[in-house]
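Novice:
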Amino acid sequence: MATIELLEVEKRFGDFQAVKPLNLTINDGEFVVLLGPSGCGKTTTLRMISGLEAVSGGTILFDGRDVTWLNPSERNIAFVFQFFALYSHMTARQNISFPLEAELGADIDNDLGLGEVGRFLSQRVFQVFMVQWLRRRHRAVINQRVEEVAQLLRIQRLLDRRPGVLSGGDQQRVALARALVREPAAFLMDEPLGALDAEFRETMRAEIKRLHIDQHATTVYVTHDQIEAMAMGDRIVVMSDAEIQQVGTPAEVYHDPANLFVARFIGSPGMSLINGQYNGQGMIRINEGNTYRIPDDWKASIERGLTGDDGEIIIGFRPEAAHVNGDGDLSARVYADDLHGGYSMLHLDLGEDTIVHARAGREMQHEIDEALRFTIDPASVRFFDPRTEAAIRKAT
Amino acid sequence: MSQTTMQGPTRRHLSDRRVIQLFIVPTMLLLILMNIFPLIYSLYLSFTEYSIISTTAPEWVGLQNYRDILSDERFWENFAITGRYALYSVSLQMIVGFGMAMLLKEKFRGSGLLTTLILVPMMVSPVVVGVFWRNIFNPSIGILNPLLGYQNLETSPEWLVEYPLYSIVIVDVWMWSPFVMLLALAGLSAIPDYLYEAAAIDRASSWFQFWRITLPQVMPLLIIAVLFRTIEAFKQFDLVMGLTGGRPGTETVSVRLYREALQGQFETGSSSALAYIVLVIIIAISNLYIRALNRVREA
Chain A
1 MATIELLEVE KRFGDFQAVK PLNLTINDGE FVVLLGPSGC GKTTTLRMIS GLEAVSGGTI
61 LFDGRDVTWL NPSERNIAFV FQFFALYSHM TARQNISFPL EAELGADIDN DLGLGEVGRF
121 LSQRVFQVFM VQWLRRRHRA VINQRVEEVA QLLRIQRLLD RRPGVLSGGD QQRVALARAL
181 VREPAAFLMD EPLGALDAEF RETMRAEIKR LHIDQHATTV YVTHDQIEAM AMGDRIVVMS
241 DAEIQQVGTP AEVYHDPANL FVARFIGSPG MSLINGQYNG QGMIRINEGN TYRIPDDWKA
301 SIERGLTGDD GEIIIGFRPE AAHVNGDGDL SARVYADDLH GGYSMLHLDL GEDTIVHARA
361 GREMQHEIDE ALRFTIDPAS VRFFDPRTEA AIRKAT
Chain B
1001 MSQTTMQGPT RRHLSDRRVI QLFIVPTMLL LILMNIFPLI YSLYLSFTEY SIISTTAPEW
1061 VGLQNYRDIL SDERFWENFA ITGRYALYSV SLQMIVGFGM AMLLKEKFRG SGLLTTLILV
1121 PMMVSPVVVG VFWRNIFNPS IGILNPLLGY QNLETSPEWL VEYPLYSIVI VDVWMWSPFV
1181 MLLALAGLSA IPDYLYEAAA IDRASSWFQF WRITLPQVMP LLIIAVLFRT IEAFKQFDLV
1241 MGLTGGRPGT ETVSVRLYRE ALQGQFETGS SSALAYIVLV IIIAISNLYI RALNRVREA
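Chains as they are written, first to last, in the numbering used here: chain A, 1 to 396; chain B, 1001 to 1299.
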């Protein structure tokens, strides 16, 4: 297993900057999710780690070894593709044993002690026969390893079928088996669940997470699905506009987003954001009739953190931090009320096109356009500077 | 059909079925007259003693024509020549065509133009190709021998006399390798890039990738190319006539067939029998290939 370090790694396609210089360390055995909307550079970053894409600048280290300009085959990694990339002319078994046999091909000269001419012929012209021969010699070992991996992924009964007749979930299991069979230093997964039906996705998500816990392999996982990222990642790297927005545990990116992008992107719905003006005396004026009192422990941080002198500020909070009650300090109208099974999500209109979300018990019924009052849990409220879009950090 | 009543009662009423029949019947008649009747009639003739230039009616001789052909050494030689010719030219075309396709697989500046230019020989009429190459092979005016470095007329080979069958093979390879290339190129460009990416991750060397991914993936199209070219090779007539005029050593089955049927005695009966033997051989070979194709394709 390996520690992966990216130092000032960047990618340009002509004038287009696909990935701005970024620094990231992925620890040994860690499950890191690269999360972001499509086109944010997360897949390009993954492909640069794998070596399928050359870097335009920067250095990639595996366990301190510089692999920046090594071929994918020299990095000892496994890659799981979004569309599986199974060899369609081979059975599942042959797909899974492919990496092991390819390794045999590479080891032919070591194995046989051939001279220059022999090595040339064996590596090129006769390779297919040599591998066949070597495979016969190593058949027992290869078969055993394939069986082990198949058992791990519960695909033993599918081994003699071709990918074309397998369901999407089973194809991805075969692809995972092919990745696992060689015991690589790191797993790189490019939206492995993206091509699956919703029902398979849930199951496979749990399976991949489970595999990671069992194997404890360094894993870099790319997805645009923030629910997937929250559920699977030890750490999440949120990317947008070709750069890293925030690196943190799922709880950190959820509760303490570094900026407005992360606040909006993480969570469904994203963080509720309200524009207001700080009056310098602990109050934020939102609009006619709505003024928010800043919790006392935030006051100093906000006064220090705001960059503008007009007091423009954004209040942010998660739906579960808003509580509807009669003597709350903010007033709003009910815009919509969605029942989500165990709870209902209230869409509250504060006027001036500001809609915020509040989670409410499902036993409470609210009429559309009903006026109500709510409070924001002072422990969960966050503040952002609209000028820099960055979160204001609370002094401790 | 409501319009017919509006336009007046004189218009004849045609049902859809009737319209369909009216369109199909002429085609069917033509097909029966030009294809199906001759096919069956020639099968009948192959069991008779008959010549179209004689006034005597076909005389039923049973399997005598087939017996004569299969026991005549000269016919066996025709088959042997055709078989050798098919083996050489098809295998060379596969190697050359597939090789060119591998070279042209990667796009580069002008690769489209180059591909089109390579296809030109295929578009020339075989008779014209025959005449061209007869001049190219010609020891006194041809360009081939000087290009190969032969200065002296005395020692330079006379291709069409000394190596007549190989000469035809060379011309056929020149003419039809582009066809194999075209099919192979279609197959190669249909292999998704991600298979090679996956193979690179799986640490497969480029030769291993070639043997285990490229070749199996294009195999169905290669088999189709072999099928087409083998059938064509068994029918080879125009290039032979254009190049050597069917001189001994190059008398393929088709040339022999032509001579039996339309020269000398106009042996219509026995030439029909020969044609049916060729037909059976081609169907048998095609079946073998198609079986191979299905085995490669089964999924």
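All C-beta atoms in this analysis are idealised placements derived from N, C-alpha and C, irrespective of residue type, glycine included.
When the Cβ atoms of the segment 250-264 of chain A are set against those of the segment 288-306 of chain A, are three or more pairs found closer than 8 angstroms?
Specialist: no
Novice: So, is V149/A buried or exposed, given that buried needs 16 or more other C-beta atoms within 10 angstroms?
Specialist: Residue 149/A sits at position 149 when you count from the first residue of the first sequence. Answer is buried; the Cβ neighbour count reaches 16.
Novice: From the beta carbon of P1121/B, is the nearest beta carbon of chain A less than 8 angstroms away?
Specialist: Counting from 1 along the second sequence, the entry for residue 1121/B is found at position 121. Answer no: the Cβ-Cβ gap between P1121/B and chain A never drops below 8 angstroms.
Novice: Below 7 angstroms on C-beta distance, what does H89/A contact in chain B?
Specialist: Indexing the first sequence from 1 puts residue 89/A at position 89. The answer, in chain order, is P1216 and Q1217.
Novice: Which stretch, first to last residue, makes up the beta strand (DSSP E) that contains T223/A?
Specialist: Position 223 of the first sequence holds residue 223/A. T218 to T223 is the extent of the beta strand (DSSP E) around T223/A.
Novice: Do N1135/B and G1142/B come within 8 angstroms of each other at the CB atom, strictly closer than that value?
Specialist: Along the second sequence, read from residue 1 onward, the residue named residue 1142/B stands at position 142. Along the second sequence, read from residue 1 onward, the residue named residue 1135/B stands at position 135. Closer than 8 angstroms, so yes.
Novice: Which value, in whole angstroms, describes the spacing of the CA atoms of A78/A and D160/A?
Specialist: The residue given as residue 78/A occupies position 78 in the first sequence. The residue given as residue 160/A occupies position 160 in the first sequence. Whole-angstrom Cα-Cα distance: 23 angstroms.
Novice: Tell me which same chain residues have a C-beta within less than 7 angstroms of the C-beta of V334/A, skipping the five on either side of it?
Specialist: Here residue 334/A is taken as the residue at index 334 of the first sequence, counted from 1. Contacts found: L346, L348, H366, E367, I368, D369, E370 and L372.
Novice: Output the boundary residues of the alpha helix (DSSP H) element that contains G1097/B.
Specialist: Within the second sequence, residue 1097/B is the residue found at index 97, counting from 1. Here the alpha helix (DSSP H) through G1097/B covers E1073 to L1104.
Novice: At a Cβ cut of 9 angstroms, what residues of the segment 1010-1032 of chain B count as close to chain A, listed as they run along the chain?
Specialist: none
Novice: If you measure from the beta carbon of R1203/B to each beta carbon in chain A, is any gap under 8 angstroms?
Specialist: Translated into positions along the second sequence, residue 1203/B becomes position 203. Yes, because at least one Cβ of chain A sits closer than 8 angstroms to the Cβ of R1203/B.
Novice: For G342/A, which residues in the same chain have their Cβ closer than 8 angstroms to its Cβ, ignoring the five residues on either side in sequence?
Specialist: Within the first sequence, the letter at position 342 stands for residue 342/A. Contacts found: R362.
Novice: Whole alpha helix (DSSP H) runs in the segment 215-289 of chain A with 4 or more residues, listed along the chain?
Specialist: 226-232, 250-255 and 260-265
Novice: Counting only C-beta atoms, is F1137/B closer than 8 angstroms to chain A at any point?
Specialist: Taking the second sequence and counting its residues from 1, one reaches residue 1137/B at position 137. It does not: the Cβ of F1137/B has no partner Cβ on chain A nearer than 8 angstroms.
Novice: Return yes when the Cβ of N287/A is within less than 8 angstroms of the Cβ of P386/A, no when it is not.
Specialist: Here residue 386/A is taken as the residue at index 386 of the first sequence, counted from 1. Here residue 287/A is taken as the residue at index 287 of the first sequence, counted from 1. Not a contact, by the Cβ cut-off of 8 angstroms.
Novice: By the DSSP assignment, the beta strand (DSSP E) with G1112/B in it spans what residues?
Specialist: Position 112 of the second sequence holds residue 1112/B. Element bounds for G1112/B: not the beta strand (DSSP E) but the alpha helix (DSSP H), S1111 to I1118.
Novice: List the residues that DSSP assigns as beta-bridge partners of I1171/B.
Specialist: Here the question's residue 1171/B lines up with position 171 in the second sequence. Checking the displayed sequence, the identity of residue 1171/B turns out to be Val instead of Ile. Answer is none; V1171/B lacks a bridge partner.
Novice: Closest to D234/A by C-alpha separation, out of T388/A, A195/A, D337/A and P250/A, would be which residue?
Specialist: Translated into the one-based positions of the first sequence, residue 234/A becomes position 234. Answer by Cα proximity: P250/A.
Novice: Please work out which residues of its chain come closer than 8 angstroms, Cβ to Cβ, to S1111/B, disregarding the five sequence neighbours upstream and downstream, and give them in chain order.
Specialist: In the second sequence, the residue the question calls residue 1111/B occupies position 111. Result list for S1111/B: L1104, in chain order.
Novice: Under 8 angstroms between C-beta atoms, does D353/A make it to chain B?
Specialist: Walking along the first sequence from the start, residue 353/A turns up at place 353. It does not; no Cβ of chain B falls within 8 angstroms.
Novice: So, is I1036/B buried or exposed, given that buried needs 16 or more other C-beta atoms within 10 angstroms?
Specialist: Numbered from 1 along the second sequence, position 36 holds the residue referred to as residue 1036/B. That one is exposed.
Novice: For A102/A and chain B, any beta-carbon pair shorter than 8 angstroms?
Specialist: Residue numbering aside, residue 102/A sits at position 102 when the first sequence is read from its first letter. With 8 angstroms as the cut-off, A102/A counts as an interface residue toward chain B.
Novice: Closer than 8 angstroms is the cut-off here; do at least three beta carbon pairs connect the segment 1050-1059 of chain B with the segment 1195-1213 of chain B?
Specialist: no
Novice: Which whole-angstrom value describes the C-beta separation of R382/A and P319/A, a residue pair presumed to lie in contact below a C-beta threshold of 8 angstroms?
Specialist: For the purposes of this step, residue 382/A is taken as the residue at position 382 of the first sequence. For the purposes of this step, residue 319/A is taken as the residue at position 319 of the first sequence. With 8 angstroms as the limit, R382/A and P319/A do not qualify as a contact, their Cβ atoms being about 13 angstroms apart.
Novice: Taking the alpha-carbon positions, what's the Q397/A to Q156/A distance?
Specialist: A query on residue 397/A cannot be resolved here, the shown segment of chain A reaching from 1 to 396 and no further.
Novice: Could you tell me the alpha carbon to alpha carbon distance between H224/A and E191/A, rounded to whole angstroms?
Specialist: The residue given as residue 224/A occupies position 224 in the first sequence. The residue given as residue 191/A occupies position 191 in the first sequence. H224/A and E191/A: Cα-Cα distance of roughly 8 angstroms.
Novice: Assign S1125/B to one of two classes, buried (16 or more other C-beta atoms within 10 Å of its C-beta) or exposed (fewer than that).
Specialist: What you label residue 1125/B is simply residue 125 of the second sequence in a count that begins at 1. Flag for S1125/B reads exposed.
Novice: Does chain A have any CB closer than 8 angstroms to the CB of L1153/B?
Specialist: In the second sequence, residue 1153/B corresponds to position 153, counting from 1. Chain A contact via Cβ: absent.
Novice: Counting only the same chain and skipping the five closest in sequence on each side, list residues whose C-beta sits under 6 angstroms from that of A1261/B.
Specialist: As a first step, residue 1261/B is located in the second sequence; it is residue number 261 there, counting from the start. So the qualifying residues of the chain are S1271.
Novice: By alpha-carbon positions, which one of F13/A, V356/A and G51/A ends up nearest to D1202/B?
Specialist: Here residue 1202/B refers to the residue found at position 202 of the second sequence. D1202/B has its Cα closest to that of G51/A, out of F13/A, V356/A and G51/A.
Novice: Give the interface partners of I313/A over in chain C, defined as CB-CB distance under 9 angstroms, in chain order.
Specialist: Absent here is chain C; the protein component of the structure consists of chains A and B.
Novice: For S1002/B, count the other beta carbons within 10 Å of its own beta carbon; 16 or more makes it buried, fewer makes it exposed. Which is it?
Specialist: The residue given as residue 1002/B occupies position 2 in the second sequence. Any reading at S1002/B is ruled out, since the residue's pLDDT is 47, under 50, leaving its predicted position unreliable.
Novice: Express the C-alpha separation of E103/A and T354/A in angstroms, rounding to a whole number.
Specialist: On the first sequence, position 354 is the one that residue 354/A refers to. On the first sequence, position 103 is the one that residue 103/A refers to. The straight-line gap from Cα to Cα measures roughly 60 angstroms.
Novice: With which residues is I4/A paired in a DSSP beta bridge?
Specialist: Here residue 4/A refers to the residue found at position 4 when the first sequence is read from its first residue. According to DSSP, which records beta bridges pairwise, I4/A is partnered with I26/A and F62/A.
Novice: Taking the beta carbon of H212/A as the centre, do at least 16 other beta carbons fall within 10 Å, making it buried, or is it exposed?
Specialist: Mapped onto the first sequence, residue 212/A falls at position 212. Buried: at least 16 other Cβ atoms inside 10 Å.
Novice: Contact criterion: CB-CB distance below 8 angstroms. Does A991/B meet it with respect to chain A?
Specialist: It is not possible to answer for residue 991/B, since the shown part of chain B is limited to 1001 through 1299.
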